[in-house]
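In what follows, a single structure is set out as structure tokens and then discussed.
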Amino acid sequence: MPEITISRVFHGPPLRIWSALIEPEHRQAWRPMIQLDDASQVGETQCTFAFPGWSRSVRSPAEVDRLDKPRAFAWSCGISHVFMIEERFELQGDDGGTTVSHSCVLRGLLSLPIAAMVLRRLRVLMIEADDRLAAYLHWRAGQAVRGADRRRIAQHYRRKVR
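Taken in order, the sequence shown gives residues 468 to 629; the numbers are from our numbering.
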């Protein structure tokens with residue numbers, strides 16, 4: 468079962484990062500690669516895949532598996548025992564900063580052949596999503612973005628220089 472885990476420290480308390488991960492208006496603002504219709508409760512929901520370079524988005528049933536405010540959030544989608552993807556966010560920290568462990572796990576019979584083809588690209592997409600989340604959180608806090616690759620941050624989060 469192939470897994471990618473990226474850990475990163477975000478400026479701000481766990482509740483601020485939690486709201487950016489869970490609340491729909493915040494999720495839309497930082498544009499994760501997979502958009503969940505309702506991430507606020509455990510159970511069935513729908514997700515939309517919108518990968519860069521694709522002309523159309525893909526809708527699929529999904530399930531919120533874990534919702535432990537403000538410590539852990541996990542959801543999954545796919546065909547049970549054939550191919551499933553699970554995305555997890557685990558938060559640890561205090562008001563000074565929060566360490567977020569962002570993981571994607573591929574499960575099922577086809578997970579190894581698919582992982583051989585997409586694992587490297589999936590890691591890049593996760594890093595880009597984490598950069599957008601960092602930019603959104605800094606924009607929301609009114610601070611300059613430090614440490615993120617500014618070339619990959621959406622234009623409307625950047626401060627105008629005069």
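Think of the CB as a built atom: it goes at the ideal place given N, C-alpha and C, for glycine as much as any other residue.
Q) Run through DSSP, which three-state label would His478 get? A) DSSP places His478 in coil when its eight states are reduced to three.
Q: Can you have a look at Val567 and say buried or exposed, based on whether 16 or more other CB atoms are within 10 angstroms of its CB?
A: Buried, because 16 or more other Cβ atoms sit within 10 Å of the Cβ of Val567.
Q: From the DSSP output, read off the bridge partner residues of Gln502.
A: Under DSSP, Gln502 takes part in a beta bridge, and its partners are Thr515.
Q. By Cβ distance below 7 angstroms, which residues in the same chain neighbour Met593 in space, the five residues on each side in sequence not counted?
A. Cβ neighbours of Met593 beyond the five flanking positions: Ile471, Ile473, His569 and Cys571.
(Q) To test your reading of the DSSP string, which unbroken beta strand (DSSP E) runs of 3 or more residues are found completely within the region 536–593? (A) Within the region 536–593, the complete beta strand (DSSP E) runs of at least 3 residues fall at 539–546, 550–561 and 564–574.
Q. Which residue's Cα is closest to the Cα of Gln502: Arg587, Glu492 and Ala608?
A. Nearest option by C-alpha distance: Glu492.
Q) Out of Trp521, Val509 and Glu595, which has the shortest C-alpha to C-alpha gap to Leu534? A) Minimum Cα distance to Leu534 is reached at Val509.
Q.
Closest to Gly575 by C-alpha separation, out of Phe556, Asp597 and Ile552, would be which residue?
A. For Gly575, the nearest C-alpha among the options comes from Ile552.
Q: Tell me whether Pro481 is buried or exposed, calling it buried when 16 or more other Cβ atoms sit within 10 Å of its Cβ.
A: It counts as buried.
Q | Burial state of Ile546 (16 or more Cβ within 10 Å) | A | So Ile546 ends up on the exposed side.
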